[in-house]
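Asker:
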Amino acid sequence: VIELYAIARHPGPTLPGLASLRAVPFDGLAVVCGPAVEAEEITEAALWRHEEIVEALMDDRDLLPVRYGTRVADEAEAARAFAAQRDQLRAALERVSGAVELSLRVRAQDPGSEPDLSSLRPLARDAIEQAGRDEGELRRCAYLVERGRVDAFRAAVAGLQQSHPDLGFLLTGPWPPYSFSGP
Amino acid sequence: MSSAIAEREIALVDLVDRLLAGGVVIAGDITLSVADVDLVYVSLRALISSVSSAEEQGALPRMGDAL
Chain A
4 VIELYAIARH PGPTLPGLAS LRAVPFDGLA VVCGPAVEAE EITEAALWRH EEIVEALMDD
64 RDLLPVRYGT RVADEAEAAR AFAAQRDQLR AALERVSGAV ELSLRVRAQD PGSEPDLSSL
124 RPLARDAIEQ AGRDEGELRR CAYLVERGRV DAFRAAVAGL QQSHPDLGFL LTGPWPPYSF
184 SGP
Chain C
1229 MSSAIAEREI ALVDLVDRLL AGGVVIAGDI TLSVADVDLV YVSLRALISS VSSAEEQGAL
1289 PRMGDAL
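Heads up: the protein sequence lines correspond to chains A and C, in order. Each number in this note's numbering comes from the position in the first sequence (counting from 1) with 3 added on. Each number in this note's numbering comes from the position in the second sequence (counting from 1) with 1228 added on.
1. Going by beta carbon distance, what residues of the same chain come within less than 6 Å of Tyr-146 of chain A, once the five residues before and after it are set aside?
2. Cβ of Leu-67 of chain A within 8 Å of Cβ of Leu-60 of chain A?
3. Would you say Tyr-146 of chain A reaches chain C, if we count a Cβ-Cβ gap shorter than 8 Å as a contact?
4. Answer yes if the stretch 42-55 of chain A comes into contact with the stretch 114-124 of chain A, meaning at least three C-beta pairs across the two stretches below 8 Å, and no otherwise.
5. So, with DSSP's three-state summary, where would you put Gly-185 of chain A?
6. Am I right that Gly-151 of chain A and Gln-112 of chain A are in contact with their C-beta atoms under 8 Å? What's the rounded C-beta distance?
7. Out of A:Gln-164, A:Phe-156, A:Gly-72, A:Ala-81, point me to the one whose CA is closest to Ala-102 of chain A's CA.
8. Less than 8 Å between the beta carbons of Gly-72 of chain A and Arg-110 of chain A, yes or no?
9. Can you tell me whether Asp-169 of chain A is buried or exposed, with buried defined as 16 or more other CB within 10 angstroms of its CB?
10. Measuring CB to CB, does Arg-93 of chain A end up less than 8 Å from Leu-7 of chain A?
11. Which complete beta strand (DSSP E) runs does the stretch 112-152 of chain A hold, if anything under 3 residues is left out?
12. Going by DSSP, which residues form a beta bridge with Leu-21 of chain A?
13. Contact criterion: CB-CB distance below 8 Å. Does Phe-29 of chain A meet it with respect to chain C?
14. Quick one: using the 10 Å Cβ neighbour count with 16 as the cut-off for buried, is Thr-192 of chain A buried or exposed?
15. Taking 8 Å as the CB-CB cut-off, is His-13 of chain A touching chain C?
16. Would you check whether the ligand GTP has a heavy atom nearer than 7 Å to the C-beta of Arg-152 of chain A?
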């Protein structure tokens, strides 16, 4: 049983030397996979371990992360699993090319606050801005940002934080483009 | 709470959001997906709400803490 980590172009840069990674080619793309940890418990540490592998891949290539917990019997099955959606995958890979994902959550003690995030949009290639999911959270957003603009984006969020001391801006990343990998 | 731990806990919410709900998915019939994702998701959600309430009660984490 193998665990699937990401879809990338093929051929690509040499794989990082961790987790016995292998690239299984199909139609000009490759699915990067490695032996699955049998009966792995999904703990915080397991999630970070997975994330670290995908981030190591992301260092020197464009990729589409595969959802956590996706396992197939063998490499032939891995290639077959994605062959049917190769056109969508290729298009999605183009859309995220050269970009990373940043996560922004905006929190407030006063639930009536209305954060104005419009200054961030021009810095991102794509954005998903959603309402908060729990009390005190006003917005939960994902931005697809070109690698070269990450610092500018961070500075813009720092500026928002400075001018809105009543709000908490929680910016994390760069993440693999988990929120922008769909069709 | 050291700021490194605070960062990691804040990022955990975002990590769970992404790994368990984002990314490319394949047709279910050949996936041997990890069996109790739902269960674990629930327990991670519990962990996350405790992080969230810490965010609410403690000083609101600020930009800079979270990076």
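Just so it is clear, CB atoms sit at the ideal spot from N, CA and C, and this is done for glycine as well. Just so it is clear, the structure is predicted and the values come from calculations on it, not from any experiment.
Answerer: To lay it out plainly:
1. Along the first sequence, read from residue 1 onward, the residue named residue 146 of chain A stands at position 143. For Tyr-146 of chain A, where only same-chain residues beyond five positions count, the Cβ hits under 6 Å are Leu-105, Ala-127, Ala-130.
2. Here residue 67 of chain A corresponds to residue number 64 of the first sequence, with the count starting at 1. Here residue 60 of chain A corresponds to residue number 57 of the first sequence, with the count starting at 1. In this structure, Leu-60 of chain A does not lie closer than 8 Å to Leu-67 of chain A by Cβ.
3. As a position in the first sequence, residue 146 of chain A is number 143, starting the count at 1. So no, Tyr-146 of chain A is outside the interface.
4. no
5. Sequence index remark: in the first sequence, residue 185 of chain A carries index 182 (1-based). Looking at Gly-185 of chain A - three-state DSSP - the assignment turns out to be coil, as it is neither helix nor strand.
6. What you label residue 151 of chain A is simply residue 148 of the first sequence in a count that begins at 1. What you label residue 112 of chain A is simply residue 109 of the first sequence in a count that begins at 1. So it is not a contact: roughly 35 Å between Cβ atoms.
7. As a working mapping, residue 102 of chain A is identified with position 99 in the first sequence. The option with the nearest alpha carbon to Ala-102 of chain A is A:Phe-156.
8. Here residue 72 of chain A refers to the residue found at position 69 of the first sequence. Here residue 110 of chain A refers to the residue found at position 107 of the first sequence. No.
9. Residue 169 of chain A sits at position 166 when you count from the first residue of the first sequence. When all chains shown are included, Asp-169 of chain A counts as exposed.
10. For this step, residue 93 of chain A is matched to residue 90 along the first sequence. For this step, residue 7 of chain A is matched to residue 4 along the first sequence. No. Outside cutoff.
11. 129-134, 140-149
12. As a working note, residue 21 of chain A is residue 18 in the first sequence. According to DSSP, which records beta bridges pairwise, Leu-21 of chain A is partnered with nothing at all.
13. Counting from one through the first sequence, the residue named residue 29 of chain A turns up at place 26. With 8 Å as the cut-off, Phe-29 of chain A does not count as an interface residue toward chain C.
14. Absent from the structure is residue 192 of chain A, since the part of chain A shown begins at 4 and ends at 186.
15. Numbered from 1 along the first sequence, position 10 holds the residue referred to as residue 13 of chain A. No, His-13 of chain A does not count as interfacial toward chain C.
16. Of ligands this structure carries none, so the ligand GTP is not represented either.
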